[in-house]
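Comments concern the structure below.
In our numbering, the protein residues as written are 398 to 536.
Structure representation (structure tokens):
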């Protein structure tokens, strides 16, 4: 089966391995770090504001990706199931990878802060949330 946007088969894309997803995850972590650092600087050093804005940006991206996926389902040949079109499936996988990387980065941030004797706001809930998300969506 050939993918509409790329003209490559699913087997060809799978042969590339996970490196493109790893790059996408690294870019997501870098983007979240940039949002955090910028907001931290603009807020006069308020870690609470920086965390809230960074989480809001992630939530907005999640709403966008979820909405795009929900609007792109189509019936399969059997008419008893629905599936994402291949290009939309790839976009959903990239977002899931980026979101999981963001959660991992936030979990690391919380752990580093705890090791320094600083308790970030809602730290226990955040770690529990990230653990559940990773267990549900991780590799």
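For every residue, glycine included, the Cβ atom is placed at its ideal position computed from N, Cα and C.
Mind checking which residues open and close the alpha helix (DSSP H) that includes residue i?
i, result
"residue 428", "416 to 439"
"residue 482", "Counting along the chain, residue 482 falls outside any alpha helix (DSSP H), and DSSP gives it neither H nor E."
Any idea what DSSP makes of residue i, helix, strand or coil?
i, result
"residue 519", "coil"
"residue 490", "helix"
"residue 513", "coil"
"residue 464", "helix"
"residue 501", "helix"
"residue 477", "coil"
"residue 496", "helix"
"residue 443", "coil"
"residue 401", "With a pLDDT of 40 at residue 401, under the threshold of 50, the predicted position of this residue should be treated as unreliable, though the coordinate-derived value follows. Correct three-state label for residue 401: coil."
If the criterion is Cβ atoms closer than 7 Å, does the pair residue i and residue j meet it?
i, j, result
"residue 492", "residue 525", "no"
"residue 507", "residue 523", "yes"
"residue 444", "residue 499", "no"
"residue 429", "residue 451", "yes"
"residue 502", "residue 527", "no"
Could you please give the first and the last residue of the uninterrupted beta strand (DSSP E) stretch that includes residue i?
i, result
"residue 472", "470 to 472"
Rounded to the nearest angstrom, how far is the Cβ of residue i from that of residue j, given a contact under 8 Å?
i, j, result
"residue 448", "residue 518", "7 Å"
Item to check | the segment 429 to 446 touching the segment 459 to 475, judged by at least three CB pairs closer than 8 Å | outcome: no
Checklist entry - When the Cβ atoms of the segment 493 to 505 are set against those of the segment 418 to 427, are three or more pairs found closer than 8 Å? => result yes
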